[in-house]
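Numbering (the UniProt record's numbering), first residue to last: 1 to 139.
Ideal placement from N, C-alpha and C gives every residue a C-beta, glycine not left out.
This one's a predicted model, so the numbers in the text were calculated from it and none came from an experiment.
Contents: one structure, followed by commentary.
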Amino acid sequence: MSTELDFQDRMIDALEANCGLFAPISVPIIPVSADGTPSNGIAFMLTPIGQAVCGMDGKWDKTYAFQITVRHTSQLTAINTLQSICRYVDGLSDDDIKSQNGSFYFINGQVASVPNFLLKDDHGYVYVASYQIELLLNE
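What follows is the structure in structure tokens.
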């Protein structure tokens, strides 16, 4: 019986604790406000990537990718939020993100794409950035 991978939850916990975010992170989209209009927010979404290597010990070394989307009425706040996350992810090293259930060992993280403008509408600016994380899975 394998343990459920808790990487997504641990990564979100680390980002919220270390990046000075203006809002908690939602999964996988930014929720709308009570009146149904888009609101300021941050979203985390795992994205497909197919890199995996099985070691001699039977453990899998896998690369996971995720995207962070930020919407804010202030363009500068949106950009600065993603820049803070980029600096944090680029500064991560071995075992900085720890599994609570032993399902993975964190190897490294990197920015795959710097913050990019996605859109501007009547409710604010939307920017996105992508990241890659290498994990050793304890399956």
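- Message: Quick check on DSSP: helix, strand or coil for Leu76?
- Response: helix
- What is the DSSP secondary structure of Phe44, counted as helix, strand or coil? It is a strand residue.
- Item | Asp94 to Val114 span [Cα, whole Å] | 22 Å
- Message: Between which residues of its own chain and Asn108 is the CB-CB distance below 8 Å, once the five residues before and five after are set aside?
- Response: Leu92, Ser93, Asp94, Ile133 and Glu134
- Query: Does the distance from the C-beta atom of Ala52 to that of Ile25 stay below 8 Å?
  - Reply: no
- Message: Quick check on DSSP: helix, strand or coil for Met1?
- Response: Residue confidence is low: Met1 scores 45 on pLDDT, short of 50, so the model does not pin down where it sits. No coordinate-derived value is stated.
- By how many angstroms is the C-alpha of Ser103 removed from the C-alpha of Cys54? Their Cα atoms are separated by approximately 15 Å.
- Query: Between which two residues does the beta strand (DSSP E) carrying Gln110 extend?
  - Reply: Membership of Gln110 in the beta strand (DSSP E) is indicated by the continuous run Phe104 to Asp121.
- Query: Can you tell me the Cα-Cα spacing of Gln8 and Asn138, whole angstroms?
  - Reply: 15 Å
- Run the CB neighbour count on Val89, radius 10 Å, all protein chains shown included, and call it buried at 16 or more, exposed below. The residue in question, Val89, is buried, as its Cβ has 16 or more Cβ neighbours within 10 Å.
- Query: Which residue or residues does DSSP assign as beta-bridge partners of Gln132?
  - Reply: Ala65 and Gln110
- Expected contact under 8 Å - CB spacing of Leu118 and Val128 to nearest Å: 5 Å
- Could you check if Ala34 is buried or exposed, using at least 16 other CB atoms within 10 Å of its CB as the buried criterion? exposed
- Query: Out of curiosity, what's the CA-to-CA distance linking Pro31 and Ile97?
  - Reply: 26 Å
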